[in-house]
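Q:
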Amino acid sequence: ETGVTQSPTHLIKTRGQQVTLRCSSQSGHNTVSWYQQALGQGPQFIFQYYREEENGRGNFPPRFSGLQFPNYSSELNVNALELDDSALYLCASSWAGTGGFNEQYFGPGTRLTVT
Amino acid sequence: AQKVTQAQTEISVVEKEDVTLDCVYETRDTTYYLFWYKQPPSGELVFLIRRNSFDEQNEISGRYSWNFQKSTSSFNFTITASQVVDSAVYFCALSDLFDMRFGAGTRLTVKP
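Those protein sequence lines, which keep their order, are chains F and V. Read in the working numbering, the first sequence has 195 at position 68, and its numbers run on one by one without any break. Read in the working numbering, the second sequence has 984 at position 11, and its numbers run on one by one without any break.
1) Kindly list, in the order they appear in chain V, the residues whose Cβ is closer than 7 Å to that of Glu-230(F).
2) What does the Cβ neighbour count give for Gln-175(F), buried or exposed, with the cut at 16 atoms within 10 Å?
3) Go ahead and pull the three-state DSSP assignment for Val-131(F).
4) For the beta strand (DSSP E) containing Lys-976(V), name the first residue and the last one.
5) Return the chain-ordered list of same chain residues with a C-beta closer than 6 Å to the C-beta of Gln-231(F), the five sequence neighbours on each side being excluded.
6) Taking Ser-213(F) as the reference, give the member of Thr-141(F), Pro-188(F), Arg-190(F) and Phe-233(F) with the closest Cα.
7) Looking only at its own chain, which residues have a Cβ that is under 7 Å from the Cβ of Gln-981(V), when we skip the five neighbours before and after it?
8) Using beta-carbon positions only, say whether Glu-999(V) and Pro-1085(V) come within less than 7 Å of one another.
9) Please list, in chain order, all residues of the same chain as Asn-204(F) whose beta carbon is under 6 Å from its beta carbon, the five residues on each side excluded.
10) For the segment 1029 to 1054 of chain V, list every residue whose C-beta sits within 8 Å of some C-beta in chain F, in sequence order.
11) Taking Cβ-Cβ distances below 9 Å as the criterion, which residues of the segment 143 to 160 of chain F are in contact with chain V?
12) Between Val-992(V) and Phe-1050(V), what straight-line distance do the alpha-carbon atoms span, to the nearest angstrom?
13) Within this structure, are the beta carbons of Leu-215(F) and Gly-185(F) separated by less than 7 Å?
14) Determine the burial state of Leu-1067(V): buried for a count of at least 16 other Cβ atoms within 10 Å of its Cβ, exposed for fewer.
15) Could you tell me whether the Cβ of Glu-1017(V) comes closer than 7 Å to any Cβ of chain F?
16) Can you tell me the Cα-Cα spacing of Pro-1013(V) and Val-1019(V), whole angstroms?
17) Mind pulling the beta strand (DSSP E) runs of 3 or more residues that sit fully within the segment 193 to 228 of chain F?
18) What did DSSP end up calling Thr-1045(V) once you bin it into helix, strand or coil?
19) Apart from the five residues on each side of it in sequence, which residues of its chain come closer than 6 Å, Cβ to Cβ, to Thr-136(F)?
20) Against Ala-1002(V), what residues of chain F qualify as contacts under a CB-to-CB distance less than 7 Å, listed in chain order?
21) Could you give the C-beta distance for Ser-1038(V) and Thr-1004(V), rounded to a whole number, given that I count them as a contact under 8 Å?
22) Distance check for Ala-1054(V) and Tyr-177(F), CA to CA, integer angstroms please.
23) Inspect the beta-carbon positions of Leu-208(F) and Glu-202(F) and report whether they are closer than 7 Å.
Encoded structure:
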C-alpha cells in the first residue's frame, strides 16, 4: 500500500510568482485536505476536496486554490506569492463516506520558501 | 468559532514517567470530532485517535489513554511509562464536517 506522497520536497519562489504543489493520495482514499504549517505552529486547514469538489475551506484567501483529479491526486495552487506564504504545506488523505474528517494520512510535506 | 488550546508548550520527562498532555477545545456545534496526532522529528504527522462528541468513553491503547470530558471541554492524552521514542510534538485537533482546527502542539521530550 503506497502512502501519501508530495512533490516537490522543497521549493524556492519569488514574491508575486505562482506555485503548484502536488499530492498523491493513499490508495483507496477519496478525500484530500491541504494544510499550511508555519515553523513551530500547528497545521492550519486550507481546504478539503471530496470526490473532486471543494468540501470545506479554512481562513485562506482565494489566491489559494486546488484541484482533485479522478484518481484522487490533488494540486494546491497559490497565486501572487507573499513572504508570509513561506511554510511547510501538508497534504492528507482519508476515506470518508460523506466527506468530513476521518483518520487522515499525511504526506511528508513541501517546504516552500518565498523570497 | 472553533478553537483548540494546548497550554503546555513543552514538557520534559525521564523515561518510564507517566505524562499527560492537556487539550481544551471550544465549539458551538453539538456534533464534532476530536483527534490527536503525533509529529515525530522525521516530520510526518501520525494519526493516534478520533473521537466523536457523542462518545465520552475513555480509551486505552497500549501505553496510550485518552480522557474525554464534555463538561470541561477537554480531551487529554496520557502516556504511561514513557519511552524515548515517544519524543515528538503532539497535536490535538477539532473538526466538524467542513473545518479542522489544530492546537499549537506540545513538544514532549523523553530523556533516557
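Each residue gets a CB set at the ideal place from its N, CA and C atoms; glycine is no exception. Since the structure is predicted, the reported quantities are computational estimates derived from the model, not experimental observations.
A: This is what the structure gives:
1) Within the first sequence, residue 230(F) is the residue found at index 103, counting from 1. For Glu-230(F), the chain V residues whose C-beta falls within less than 7 Å of its own C-beta are Phe-1020 and Arg-1023, listed in chain order.
2) Against the first sequence, residue 175(F) aligns to sequence position 48. With 16 or more Cβ atoms within 10 Å of its Cβ, Gln-175(F) is classed as buried.
3) Locating residue 131(F) in the first sequence gives position 4, where the first residue counts as 1. If DSSP states are grouped into helix, strand and coil, Val-131(F) belongs with coil.
4) Residue numbering aside, residue 976(V) sits at position 3 when the second sequence is read from its first letter. Unbroken beta strand (DSSP E) run through Lys-976(V): 976 to 978.
5) Taking the first residue of the first sequence as 1, we reach residue 231(F) at position 104. Cβ within range, chain order: Ala-219 and Ser-221.
6) The count along the first sequence starts at 1 and reaches residue 213(F) at position 86. It is Thr-141(F) whose Cα lies nearest to the Cα of Ser-213(F).
7) Here residue 981(V) refers to the residue found at position 8 of the second sequence. Within the same chain, and ignoring the five residues on either side of Gln-981(V) in sequence, the residues whose Cβ sits closer than 7 Å to its Cβ are Leu-994, Asp-995 and Thr-1079.
8) For the purposes of this step, residue 999(V) is taken as the residue at position 26 of the second sequence. For the purposes of this step, residue 1085(V) is taken as the residue at position 112 of the second sequence. Against a cut-off of 7 Å, the Cβ pair of Pro-1085(V) and Glu-999(V) comes out as no contact.
9) Start at 1 with the first residue of the first sequence, and residue 204(F) comes out as number 77. Same-chain partners within the cutoff: Thr-147 and Ser-192.
10) none
11) For the segment 143 to 160 of chain F, the set of positions with a beta-carbon nearer than 9 Å to some beta-carbon of chain V reads Ser-160 in chain order.
12) Here residue 992(V) refers to the residue found at position 19 of the second sequence. Here residue 1050(V) refers to the residue found at position 77 of the second sequence. Rounded to the nearest angstrom, the two C-alpha atoms are 8 Å apart.
13) As a first step, residue 215(F) must be located in the first sequence, where it is residue number 88. As a first step, residue 185(F) must be located in the first sequence, where it is residue number 58. Taking 7 Å as the Cβ cut-off, Leu-215(F) and Gly-185(F) do not qualify as a contacting pair.
14) Residue 1067(V) sits at position 94 when you count from the first residue of the second sequence. By the neighbour-count rule (16 or more Cβ atoms within 10 Å), Leu-1067(V) is buried.
15) Taking the second sequence and counting its residues from 1, the one referred to as residue 1017(V) is at position 44. Yes, its Cβ sits closer than 7 Å to a Cβ of chain F.
16) Translated into the one-based positions of the second sequence, residue 1013(V) becomes position 40. Translated into the one-based positions of the second sequence, residue 1019(V) becomes position 46. Using only the alpha carbons, I get a separation of about 8 Å.
17) 201 to 205 and 214 to 221
18) Translated into positions along the second sequence, residue 1045(V) becomes position 72. If DSSP states are grouped into helix, strand and coil, Thr-1045(V) belongs with the helices.
19) If you number the first sequence from 1, residue 136(F) lands on position 9. No residues qualify anywhere along the chain.
20) Within the second sequence, the letter at position 29 stands for residue 1002(V). Reading the sequence as shown, one finds Asp at residue 1002(V) and not Ala. At a C-beta separation below 7 Å, Asp-1002(V) has no neighbours in chain F, since its nearest C-beta there lies roughly 12 Å away.
21) In the second sequence, residue 1038(V) corresponds to position 65, counting from 1. In the second sequence, residue 1004(V) corresponds to position 31, counting from 1. About 24 Å; that fails the 8 Å criterion.
22) Taking the first residue of the first sequence as 1, we reach residue 177(F) at position 50. Taking the first residue of the second sequence as 1, we reach residue 1054(V) at position 81. Approximately 40 Å between the Cα atoms of the pair.
23) Taking the first residue of the first sequence as 1, we reach residue 208(F) at position 81. Taking the first residue of the first sequence as 1, we reach residue 202(F) at position 75. No, these two residues do not count as a Cβ contact at 7 Å.
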